[in-house]
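Residue numbers (our numbering): 1344 to 1796.
Below is the structure:
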């Protein structure tokens, strides 16, 4: 260890990982209106995270050089008709990230095939006549290994899912989840009841927040469970494990407060409201992600009505949150947030898009996290080969007693956990891209970056 590194390590002894964020950095300034939605994915298959932004009728993606420097827009569509939501997912199983878009103005949901090198096809209609298409989310609802979609309607009533019939983006007609649910603007997907299939959480008018059980693992959502039906409409929410018990909890904004509800038994029975922060007014977007690399899920929010971007540290991994920490204390009307490692330094950066006459751009904030000593000295763990396609060997050259290994993608989502056999990792079923391997011992968390080809 050289003297500079030794001095740096000595200065950090006793410190926990701390997430600090750099100043606002411009991705693109939109000449007419701000970005309604921002998401990240590797669109040109070069190993780093690019970004896609929807600006009313306009959709474009912006290439990243791997250091957070973004290039000029690559136009995908100039006349989509008032985008409400977008997804970046591999729809046709060719290992290229496609786009799915809901058009509020044209009452439809469409997808754009990634043709390679970031070139996209024209829009292909998935569903139309939706009376103001709103929420869209992707998961495999029928356990056949491909990307199905859930679709919500805003002005009328209806929550539906469509089956990816052949894994190549040919979709079925609408399958009804709930024909009477209104204002289904947001959906969250995950195994809420721990039975191995994907359930649906959705908001609705009348302050309703419900989850629909995937009864047979084939897309039968006939059983609805109420989470809440009192107070105000829960405009934004996200699912994640906040108390480290292996099941999905819910974070949302309700009655002007940022709150969370615990999944009490892993079966989808949720507890009472617990306050993360009072007086946030309106949160237009919420993300659960590990922002400080301590292995616990934190909360990020776009506080639209008070013009702030804020995050909240999960201090103990049990859902005890610290005070509000501002990434940006004055950003007019932040509408959408996302997280990804934009500069390939092993931590999650934050992206935001805004919709306001005075602030109509999309930006990112570099995560300047100070890592623990164990994370700096993680040379005792070697992963090879790296990049890898199927199997990774873990070489433990030190005295580290490994307890668990968890792998996260660049969006902070847990994609693999191992509690035994710490010598090999089977990553054959994981999506291609950059992964973060969290190696947990009794005293420390070591983080290694891994590239899945």
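Each residue gets a CB set at the ideal place from its N, CA and C atoms; glycine is no exception.
Report task. Identify, in the order they occur along the chain, each residue of the same chain with its Cβ nearer than 7 angstroms to the Cβ of residue 1573, setting aside the five sequence neighbours on each side. Result -> The residues are 1550.
Query - Simplified DSSP state of residue 1620, which is helix, strand or coil - result: Residue 1620: strand per DSSP, three-state reduction.
Requested in this report: For residue 1725, collect the residues of the same chain with a Cβ closer than 6 angstroms to its Cβ; drop the 5 residues on either side in sequence, then sort them by chain order.
Outcome: Within the same chain, 1738 come within 6 angstroms of residue 1725 by CB-CB distance, once the 5 residues on both sides are set aside.
Query raised in the report: Would you call the CB atoms of residue 1698 and residue 1652 closer than 8 angstroms?
Result: With respect to residue 1652, residue 1698 sits apart: the two C-beta atoms are not nearer than 8 angstroms.
Query raised in the report: How big is the Cα-Cα spacing for residue 1379 and residue 1679?
Result: Approximately 7 angstroms, taken between the alpha carbons.
Query - residue 1756 - containing beta strand (DSSP E), residue span - result: Where residue 1756 is concerned, there is no enclosing beta strand (DSSP E), given that its DSSP letter is neither H nor E.
Requested in this report: Count the other C-beta atoms from every protein chain shown that fall within 10 angstroms of the C-beta of residue 1575, then say buried if there are 16 or more, exposed otherwise.
Outcome: Residue 1575 comes out exposed.
Report task. Work out the CA separation of residue 1473 and residue 1524 for me, nearest whole Å. Result -> About 13 angstroms.
Requested in this report: Could you tell me which residues DSSP puts in a beta bridge with residue 1677?
Outcome: Its beta-bridge partners are 1697.
**Report entry** Anticipated Cβ contact below 8 angstroms, residue 1733 with residue 1770, distance rounded
**Finding:** Sure, about 7 angstroms apart at Cβ, within 8 angstroms.
Query raised in the report: Taking just the CA atoms, how far does residue 1658 sit from residue 1448?
Result: One C-alpha to the other measures close to 43 angstroms.
Query raised in the report: Excluding sequence positions up to five away, which residues of its chain have a Cβ less than 8 angstroms from the Cβ of residue 1459?
Result: Closer than 8 angstroms at Cβ, skipping near neighbours: 1388 and 1439.
Query - Within the region 1362-1416, ranges of the beta strand (DSSP E) (whole runs, at least 3 residues) - result: Listed in chain order, they are 1364-1372, 1380-1384, 1393-1398 and 1401-1405.
Report task. Could you have a look at residue 1353 and say whether DSSP puts it in helix, strand or coil? Result -> Residue placement at residue 1353 is flagged as unreliable, the pLDDT there being 36, under the threshold of 50; the coordinate-derived value follows with that caveat. DSSP places residue 1353 in helix when its eight states are reduced to three.
Query - Residues of its chain near residue 1717, where Cβ-Cβ distance is below 6 angstroms and the 5 sequence neighbours each way are ignored - result: In this prediction, residue 1717 scores a pLDDT of 45, lower than 50, which makes its location untrustworthy; no coordinate-derived value is stated.
Query raised in the report: My guess is that residue 1490 and residue 1507 are in contact by the Cβ rule of under 8 angstroms, so how many angstroms apart are they, rounded?
Result: Indeed, because the Cβ distance is near 5 angstroms, the residues count as touching under 8 angstroms.
Query raised in the report: Going by alpha carbons, who is nearest to residue 1601 out of 1766, 1609, 1621 and 1585?
Result: Of 1766, 1609, 1621 and 1585, the residue nearest in Cα terms is 1621.
Query raised in the report: Going by the beta-carbon positions, is the gap between residue 1584 and residue 1537 smaller than 8 angstroms?
Result: In terms of Cβ geometry, residue 1584 and residue 1537 do not form a close pair [threshold 8 angstroms].
Query raised in the report: Sorted by chain position, which residues of the same chain lie with C-beta nearer than 7 angstroms to residue 1428's C-beta, five sequence neighbours on each side aside?
Result: Beyond the five residues adjoining it in sequence on each side, residue 1428 comes within less than 7 angstroms, by CB distance, of 1380, 1445, 1477, 1478 and 1479 in the same chain, given in chain order.
**Report entry** Inter-residue Cα distance where the pair is residue 1431 and residue 1604
**Finding:** The straight-line gap from Cα to Cα measures roughly 28 angstroms.
Query raised in the report: Just how far apart, CA to CA, sit residue 1526 and residue 1688?
Result: Distance between the alpha carbons of residue 1526 and residue 1688 is about 40 angstroms.
Query raised in the report: Quick one, which of 1494, 1511 and 1468 has its alpha-carbon nearest residue 1488's?
Result: Relative to the Cα of residue 1488, the nearest Cα in the group 1494, 1511 and 1468 belongs to 1511.
Query raised in the report: According to DSSP, which residues form a beta bridge with residue 1556?
Result: Under DSSP, residue 1556 shares a beta bridge with 1566.
Report task. Just the C-alpha distance for residue 1463 and residue 1420, rounded to the nearest angstrom, thanks. Result -> Between residue 1463 and residue 1420, the C-alpha separation is close to 9 angstroms.
**Report entry** 6 angstroms Cβ shell around residue 1501 - same chain, five flanking residues per side excluded
**Finding:** Once the five neighbours on either side are set aside, the close Cβ partners of residue 1501 are 1522.
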